[in-house]
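Reviewing the structure listed below.
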Amino acid sequence: MWRDALLVAGKDLRIEARSKVAIGQVAPFAVMALFLFAFALGPDRGPMSEGAPGLFWVAVLFTTVLAIQRSVSVESADEARDGLRVSGLDPAGVFLGKTVSIAAQLLVLEAILVGGIVVLYGARVHSIGLVLGACALGTVGLAASGTLYGALSAGIRVRETLLPFLFLPLVAPILLSGTKVFQAAMAGGTPSQAAPWLRLLLAFDVIYVALGVIIYGPIQESS
Amino acid sequence: MASAVLSPALSLRNVVALSGRFPLLAGIDLEVSVGETLLVEGPNGAGKTSLLRVCAGLVPVSSGEVRVLGVDPTRPRTRTGLRRKVGLLAHASHLYDDLNVRENIRFAVRAAGADVGRIDGACARLGLTGRLLRTPASKLSAGQRRRVALAVLVARAPELWLLDEPHAGLDASARTLLAELIAEASAGGATVVIASHEPELMAGLAGRSVTVTGGRVTAERRLGVPDPVASAAVAADAGDVGGAGDPDDLAVRFGTPVALVSADESVTHVA
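Chains A and B are the protein sequences, given in the same order. Mapping of the first sequence onto the working numbering: residues 1 to 223, in sequence order. Mapping of the second sequence onto the working numbering: residues 1001 to 1271, in sequence order.
In structure tokens, the structure reads:
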């Protein structure tokens, strides 16, 4: 399983390195979203700084949808998904590999977005550890659930519109928890204050990684 | 031990496969011996591709029994291991446009758990050398993509080759090469099933041919020497409507309305 996961992750990351979709298109989209939020909130930095944690995670969710759609479309061209199925790869390994690949891309995008909220919104990060913890746990949950829902929507003709509709409500706990942890990190809170929300993120991760390992195969076969 | 040696590479008994309400295979019976090369003929929409996809485990079976290399391809527990022994050359080449030729082949070979040391030889055999190896798949012609897909098969050296219209997109020299590759695979003990509209290209390669019509085997012959007795027996068993059997019987068996595709490809819905 782990060998297959590394193989798939390496393949997807190599494709991303060649196509540069995440850096060339998704990252600019994410930064543009931060700009648009700033325009909507007006020139006063007070509301922007206050809303930065939530706006950050909303931008992350939007970019996650794009990253998932890209991951799905890579397997749709030339019926590569069938190629994956007949290759003899362990479906759990395919799931983990795709999750790792999406997570790696999201971490890069989140680093850009953290820089964005600091520069554009004047947000101040008092606890780097909490920010890193929220990003790490949130990213795993987003990538795992996104990979699962991407596979679910893969065989559907209207997946481009259906995926956000299915996915965004599902990841509301990540939006909520991530925002709370970021608020604590920017208000100089202690890790114990953010602990319940970090635990929620961890629980989300465990559930979706376990679920993906178990049911990705049947989903892959039926899509 | 003796039963393992004697078990066929492929065994389908009364296999029905549906796509929604449409029968892709309507009770097909087929057996292919280990090491045999079989040609599958039939008109468009007859079920040739579906037959290969069922054998590859890509299409679920609604009823009937399938054994591929002695294993049920629909069982999740055994499917992954089986697929590493089965090579499918489909209509699509299953290539990633952003990876180059060598990367595509390497990924497919490693995914199947095959020996990557065979990649160079396979590429050389298929004429994939020099700059072509570093060319992204997106820049390849249809024929070149086909060659890459064939190189994957050669490097993987599966026990069962499922070739769907393998000549499509290939030039004359590549077709000759394909014939050599099939002959070599067969000589090496592999079982080869070829779905093709061009049976004349398979002369001397396949020892037996079956005709699929309406999702069932409607004729069978030894290549070059048609076997009228076998053909007549299979055709009589197939029924009247395009070989797909009695529509009412099918509807009862599937528990759902079915549609039959006749020889002229018109579709009749049956409640």
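Cβ coordinates follow ideal geometry from the N, Cα and C atoms, glycine included. Predicted model only: the values in this text are computed from it and were never measured.
| request: Could you tell me whether the Cβ atoms of residue 164 of chain A and residue 204 of chain A are closer together than 7 Å? | output: Position 164 of the first sequence, counting from 1, holds the residue named residue 164 of chain A. Position 204 of the first sequence, counting from 1, holds the residue named residue 204 of chain A. In this structure, residue 204 of chain A does not lie closer than 7 Å to residue 164 of chain A by Cβ.
| The alpha helix (DSSP H) with residue 1104 of chain B in it runs from where to where? | As a first step, residue 1104 of chain B must be located in the second sequence, where it is residue number 104. Taken as a continuous stretch (DSSP letters only), the alpha helix (DSSP H) holding residue 1104 of chain B covers 1101-1111.
| message | Taking 7 Å as the threshold (C-beta atoms), are residue 1046 of chain B and residue 1213 of chain B in contact? | response | For the purposes of this step, residue 1213 of chain B is identified with residue 213 of the second sequence, where counting begins at 1. For the purposes of this step, residue 1046 of chain B is identified with residue 46 of the second sequence, where counting begins at 1. Contact: yes.
| said: Taking its Cβ as the centre, do 16 or more other Cβ atoms sit within 10 Å of residue 124 of chain A, making it buried, or is it exposed? | reply: Within the first sequence, numbered from 1, the residue matching residue 124 of chain A stands at position 124. Classification of residue 124 of chain A: exposed, given that the 10 Å Cβ count is below 16.
| request: Pull up the distance between the alpha-carbon of residue 1098 of chain B and that of residue 19 of chain A, whole angstroms please. | output: As a position in the second sequence, residue 1098 of chain B is number 98, starting the count at 1. As a position in the first sequence, residue 19 of chain A is number 19, starting the count at 1. Distance between the alpha carbons of residue 1098 of chain B and residue 19 of chain A: 6 Å.
| field | As assigned by DSSP and simplified to three states, the class of residue 1163 of chain B | value | Your numbering for residue 1163 of chain B matches position 163 in the second sequence. If DSSP states are grouped into helix, strand and coil, residue 1163 of chain B belongs with the strands.
| Below 8 Å, can you find three or more Cβ-Cβ pairs linking the stretch 1094-1111 of chain B to the stretch 1066-1080 of chain B? | no
| task | Kindly list, in the order they appear in chain B, the residues whose Cβ is closer than 7 Å to that of residue 90 of chain A. | result | On the first sequence, residue 90 of chain A is found 90 positions in, with the first residue counted as 1. Ordered by position in chain B, the residues that pass the 7 Å Cβ test against residue 90 of chain A are 1080.
| Bridge partners of residue 1030 of chain B, per DSSP? | Within the second sequence, numbered from 1, the residue matching residue 1030 of chain B stands at position 30. Per DSSP, B/1012.
| query | Which residues bound the alpha helix (DSSP H) around residue 138 of chain A? | reply | What you label residue 138 of chain A is simply residue 138 of the first sequence in a count that begins at 1. Counting along the chain, the alpha helix (DSSP H) containing residue 138 of chain A begins and ends at 128-153.
| C-beta neighbour in chain B for residue 18 of chain A, strict 7 Å | If you number the first sequence from 1, residue 18 of chain A lands on position 18. Judged by the 7 Å Cβ criterion, residue 18 of chain A is in contact with chain B.
| field | Residues sharing a beta bridge with residue 1023 of chain B, DSSP | value | Residue 1023 of chain B sits at position 23 when you count from the first residue of the second sequence. Looking at the DSSP output, residue 1023 of chain B shares a beta bridge with B/1018.
| message | Along the stretch 1093-1122 of chain B, where does the CB come closer than 8 Å to a CB of chain A? Name the residues. | response | 1093, 1094, 1095, 1096, 1097, 1098, 1099, 1103, 1107, 1108, 1110, 1111, 1112 and 1113
| field | With 16 other Cβ atoms within 10 Å as the buried cut-off, status of residue 12 of chain A | value | Locating residue 12 of chain A in the first sequence gives position 12, where the first residue counts as 1. Label assigned to residue 12 of chain A: buried.
| message | Measuring only the C-alpha atoms, how far is residue 10 of chain A from residue 1114 of chain B? | response | Residue numbering aside, residue 10 of chain A sits at position 10 when the first sequence is read from its first letter. Residue numbering aside, residue 1114 of chain B sits at position 114 when the second sequence is read from its first letter. Residue 10 of chain A and residue 1114 of chain B: Cα-Cα distance of roughly 18 Å.
| field | Collapsed DSSP secondary structure at residue 1193 of chain B in the structure displayed | value | Counting from 1 along the second sequence, the entry for residue 1193 of chain B is found at position 193. Looking at residue 1193 of chain B - three-state DSSP - the assignment turns out to be strand.
| field | Where the stretch 50-77 of chain A meets chain B: residues whose CB sits under 8 Å from a CB there | value | 74 and 77
| task | Compare the C-beta of residue 1012 of chain B with all C-beta atoms of chain A and state if any pair is closer than 7 Å. | result | Along the second sequence, read from residue 1 onward, the residue named residue 1012 of chain B stands at position 12. The beta carbon of residue 1012 of chain B sits no closer than 7 Å to any beta carbon of chain A.
| field | Cβ neighbours of residue 1255 of chain B in the same chain (closer than 8 Å, five flanking residues each side left out) | value | Reading the second sequence from its first residue, position 255 is the one you call residue 1255 of chain B. Bear in mind that a pLDDT of 47 at residue 1255 of chain B, under 50, signals an unreliable position, so the number given afterwards is only what the model happens to contain. Excluding positions up to five away in sequence, the list is empty.
| Relative to the ligand ZN, is the shortest distance from any of its heavy atoms to the C-beta of residue 25 of chain A smaller than 6 Å? | As far as ligands go, the structure on display features none, and thus does not contain the ligand ZN.
| field | C-beta neighbour in chain E for residue 155 of chain A, strict 7 Å | value | In the structure shown, chain E cannot be found, because the protein chains are A and B.
| said: Just to check my reading of the structure: residue 15 of chain A and residue 74 of chain A have Cβ atoms closer than 8 Å, yes? What is that Cβ distance to the nearest angstrom? | reply: Along the first sequence, one-based indexing puts residue 15 of chain A at 15. Along the first sequence, one-based indexing puts residue 74 of chain A at 74. Yes, residue 15 of chain A and residue 74 of chain A are in contact; Cβ-Cβ is about 6 Å, under 8 Å.
| field | Cβ pair count under 8 Å reaching 3, the stretch 1008-1024 of chain B against the stretch 1167-1185 of chain B | value | no
| Cross-chain neighbours of residue 1125 of chain B in chain A, by beta carbon under 7 Å | As a working mapping, residue 1125 of chain B is identified with position 125 in the second sequence. Within chain A, no C-beta atom comes less than 7 Å from the C-beta of residue 1125 of chain B; the nearest is roughly 21 Å away.
| Can we say the stretch 196-211 of chain A touches the stretch 172-187 of chain A, given the rule of at least three CB pairs closer than 8 Å? | yes
| query | Which partner residues of residue 160 of chain A appear in the DSSP bridge assignment? | reply | Walking along the first sequence from the start, residue 160 of chain A turns up at place 160. In DSSP, residue 160 of chain A forms no bridge with anything.
| Close beta carbons around residue 117 of chain A, own chain, < 6 Å, minus the five adjacent residues each side | Indexing the first sequence from 1 puts residue 117 of chain A at position 117. Here the set comprises 52, 56 and 123.
| query | Is residue 1208 of chain B helix, strand or coil by DSSP? | reply | Within the second sequence, residue 1208 of chain B is the residue found at index 208, counting from 1. Strand.
| task | May I have the straight-line CA-CA distance separating residue 1193 of chain B from residue 1136 of chain B, to the nearest angstrom? | result | As a position in the second sequence, residue 1193 of chain B is number 193, starting the count at 1. As a position in the second sequence, residue 1136 of chain B is number 136, starting the count at 1. Taking the straight line joining both Cα atoms gives about 30 Å.
| message | Let's test the definition: count the other Cβ atoms within 10 Å of the Cβ of residue 1091 of chain B and tell me whether it reaches 16, buried, or not, exposed. | response | Within the second sequence, the letter at position 91 stands for residue 1091 of chain B. When all chains shown are included, residue 1091 of chain B counts as exposed.
| said: Considering Cα atoms alone, identify which of A/191, A/192, A/86 and A/186 is closest to residue 49 of chain A. | reply: Locating residue 49 of chain A in the first sequence gives position 49, where the first residue counts as 1. It is A/186.
| message | Just list the residues that DSSP pairs residue 1180 of chain B with in beta bridges. | response | As a working mapping, residue 1180 of chain B is identified with position 180 in the second sequence. The partner list for residue 1180 of chain B (beta bridge, DSSP) is empty, contrary to what the question assumes.
| query | Between the Cα of residue 130 of chain A and the Cα atoms of A/26, A/34 and A/194, which residue gives the shortest distance? | reply | Position 130 of the first sequence, counted from the first residue, corresponds to residue 130 of chain A. Here the closest residue by C-alpha is A/194.
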